[in-house]
Structures are given as C-alpha cells and as structure tokens.
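Trainee: What follows is a structure written as structure tokens; I'll ask about it next.
Numbering (the UniProt record's numbering), first residue to last: 1 to 248.
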C-alpha cells in the first residue's frame, strides 16, 4: 500500500513543475471563462482553455475548433471567403476548417500535408508539383512562418488561375514595421522564445502585406469586430489575408 506521505511528496513535486503550473492555470482559466458561440458547429456555452501558455476560452468543447478556425467560419458567413464551384488546394488542412470549406461546395477540394501521407497530395510548398494556373483557391493557414515564404508565395502565385485567390493566416504583430527573423536562432527552445513556437522561423510584422503584393496579387483583409471577438471567442485583431491574382 502506498504511504500517504509518499503520495503527498509526489504531488508537491509535480505541483512545483511547469506542467503542473500550466494545469493549475488551465483550471483557473476554465473557471473564469465566459459563454460563447461556435460558428463552426453552433455550440453555445463555456469554451475550454488551450495552448501553452494557456488561452482562456480558446477551444470549442464540441468540435475542438480554435480561434483561427472560428475566424474562418465567420469570414465565410460574411462572404469574404468564396470557394463555390472553384478548385481548392488546402495546405496542412485542419479538420474544423476542412469541414467549413467543404460545406461551401467547391468544384474540387484537395489537401496537402508534406510529408504526411494521409492527405490527398504530398506537395513541397517550395516547389509545388502542379501545373501553372491549375488551382483557383489556395488555403495556407499558419504555414508561411515555418517555411521559406518567398519561395512558397511565388509558387502559390504560379499555380493560381487568373483571378485565383490565396487565403492566408500568420502570426503577426501589428506594432512591428518589419518581420523579425534571426538566423542565429536555430534550436527548438530558442525558436520558442523568439518566435513563439519551436518550429517557427519568423514572427511577422506589418510588412507581411508586402510579401503578398510583391507577387502581383491584390490584397484584402478580414478582421472580426469587438462584439464578434467576444461572442465567438476569437483572438482580438487576428486577420485573414486574401490575396487575389489579377485577371488576365
């Protein structure tokens, strides 16, 4: 039989770790969370904490959507995103967004996750093995901060049809004029400190917009307002960027 003092010692040891602190913060966060509505599945009620560090009310308990997924659903509901009867290529598709896009009745919908074999395609975004102007809409959510974005955006522009569109989301600090990159930051822990995640290689500033327009695409943006951010449990100020290739 386990000694009670041993259990207490183990518990105190765990409680002093970073993991235990995050568990405690998550519990406090959930207790403080307010009710919201999920535009992805229609759930109404309290949302769960998620992330490290913990974000209050980040995850829908019904469909597991996060803030960025719900922003896509809201943008689609406001006709900012239009994929009906169009050929869609979705990089690193997340289930919540996948379901939204499929419900909008695209002509074709294909996913790509490199090197994941469960997707429809295994495409390298730096050298996309598809013909020129073969796709009408490319969805690229939280991908560009992981890769050589200049190569990726050039390839996306190449495969987009005349009038085709790029739907993009990235981590972005509006208070920064310029994107922060640091070639000396190479290990996982340092990248997490500098860029917010162990596999990110930059944190975008306002000049991200120039990255898109330099490919020749026009640019529009969707941002939820204050009331929508509260109602749908969104990250205040998060944006969806819509790059549009000129019609020939």
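Built from N, CA and C at the ideal position, the CB exists for glycine as well.
Owing to the predicted nature of the structure, the values given are computational and were not obtained by experimental measurement.
Expressed to the nearest angstrom, what Euclidean distance is found between the alpha-carbon atoms of residue 241 and residue 221?
Mentor: To locate residue 241, count along the chain shown from 1; it is residue 241. To locate residue 221, count along the chain shown from 1; it is residue 221. So the two alpha carbons sit approximately 5 Å from each other.
Trainee: Does any C-beta atom of chain B lie closer than 8 Å to the C-beta of residue 222?
Mentor: Given the protein chain composition of this structure (a single chain), no chain B is represented.
Trainee: For a quick check, are the C-beta atoms of residue 215 and residue 157 less than 8 Å apart?
Mentor: One-based indexing of the chain shown puts residue 215 at position 215. One-based indexing of the chain shown puts residue 157 at position 157. Contact flag set, yes.
Trainee: Exposed or buried, which one is residue 69 when buried takes at least 16 other CB atoms within 10 Å?
Mentor: In the chain shown, the residue the question calls residue 69 occupies position 69. Buried, since its Cβ has 16 or more Cβ neighbours within 10 Å.
Trainee: Identify, in the order they occur along the chain, each residue of the same chain with its Cβ nearer than 6 Å to the Cβ of residue 229, setting aside the five sequence neighbours on each side.
Mentor: As a working note, residue 229 is residue 229 in the chain shown. 236, listed in sequence order.
Trainee: To the nearest angstrom, how far is it from the Cα of residue 57 to the Cα of residue 167?
Mentor: Along the chain shown, one-based indexing puts residue 57 at 57. Along the chain shown, one-based indexing puts residue 167 at 167. Their backbone Cα atoms lie some 25 Å apart in a straight line.
Trainee: Using the rule of at least 16 other Cβ atoms within 10 Å of the residue's Cβ for burial, across every protein chain shown, is residue 245 buried or exposed?
Mentor: Residue 245 sits at position 245 when you count from the first residue of the chain shown. Classification for residue 245: buried.
Trainee: Below 8 Å between beta carbons: does that hold for residue 109 and residue 88?
Mentor: To locate residue 109, count along the chain shown from 1; it is residue 109. To locate residue 88, count along the chain shown from 1; it is residue 88. Contact flag set, yes.
Trainee: DSSP three-state label for residue 167, please.
Mentor: For the purposes of this step, residue 167 is taken as residue 167 along the chain shown, with counting starting at 1. In the structure shown, residue 167 sits in a strand (DSSP, three-state: E or B).
Trainee: When the Cα of residue 145 is compared with those of 121, 201, 77, which residue comes out closest?
Mentor: Translated into the one-based positions of the chain shown, residue 145 becomes position 145. Nearest of 121, 201, 77 to residue 145, Cα basis: 201.
Trainee: Quick check on the DSSP output: the alpha helix (DSSP H) that includes residue 42 runs from which residue to which?
Mentor: Mapped onto the chain shown, residue 42 falls at position 42. From DSSP, residue 42 is part of no alpha helix (DSSP H); its letter is neither H nor E.
Trainee: Using a Cβ-Cβ cutoff of less than 8 Å, which residues in the same chain neighbour residue 226 once the five nearest sequence positions on both sides are dropped?
Mentor: Mapped onto the chain shown, residue 226 falls at position 226. So the qualifying residues of the chain are 236.
Trainee: Does the separation of the CB atoms of residue 48 and residue 39 fall below 8 Å?
Mentor: Within the chain shown, numbered from 1, the residue matching residue 48 stands at position 48. Within the chain shown, numbered from 1, the residue matching residue 39 stands at position 39. Cβ distance not < 8 Å, so residue 48 and residue 39 don't count as in contact.
Trainee: Going by DSSP in three states, residue 226 sits in which element: helix, strand or coil?
Mentor: By one-based count along the chain shown, residue 226 stands at place 226. Correct three-state label for residue 226: helix.
Trainee: Counting only the same chain and skipping the five closest in sequence on each side, list residues whose C-beta sits under 6 Å from that of residue 136.
Mentor: In the chain shown, residue 136 corresponds to position 136, counting from 1. Contacts found: 86, 87, 161, 164.
Trainee: What residues match up with residue 141 in a beta bridge as DSSP calls it?
Mentor: On the chain shown, residue 141 is found 141 positions in, with the first residue counted as 1. Beta-bridge pairing links residue 141 to 169.
Trainee: Nearest-angstrom Cα distance between residue 34 and residue 66?
Mentor: Taking the chain shown and counting its residues from 1, one reaches residue 34 at position 34. Taking the chain shown and counting its residues from 1, one reaches residue 66 at position 66. Cα to Cα, residue 34 sits roughly 15 Å from residue 66.
Trainee: Whole angstroms is fine: what's the gap from residue 96's alpha carbon to residue 206's?
Mentor: On the chain shown, position 96 is the one that residue 96 refers to. On the chain shown, position 206 is the one that residue 206 refers to. Computed Cα separation, rounded: 27 Å.
Trainee: Counting pairs of beta carbons, one from the stretch 116 to 131 and one from the stretch 176 to 196, are three or more of them closer than 8 Å?
Mentor: No, because fewer than three Cβ pairs between the stretch 116 to 131 and the stretch 176 to 196 fall closer than 8 Å, the two stretches do not touch.
Trainee: DSSP three-state label for residue 119, please.
Mentor: For the purposes of this step, residue 119 is taken as the residue at position 119 of the chain shown. The answer is coil: DSSP assigns residue 119 none of H, G, I, E or B.
Trainee: Would you mind sorting residue 73 into buried or exposed? The rule is 16 or more other CB atoms within 10 Å of its CB.
Mentor: Stepping through the chain shown from its first residue, residue 73 is reached at position 73. So residue 73 ends up on the buried side.
Trainee: Under three-state DSSP, which class holds residue 103?
Mentor: Within the chain shown, residue 103 is the residue found at index 103, counting from 1. Of the three classes helix, strand and coil, the one that applies to residue 103 here is helix, per DSSP.
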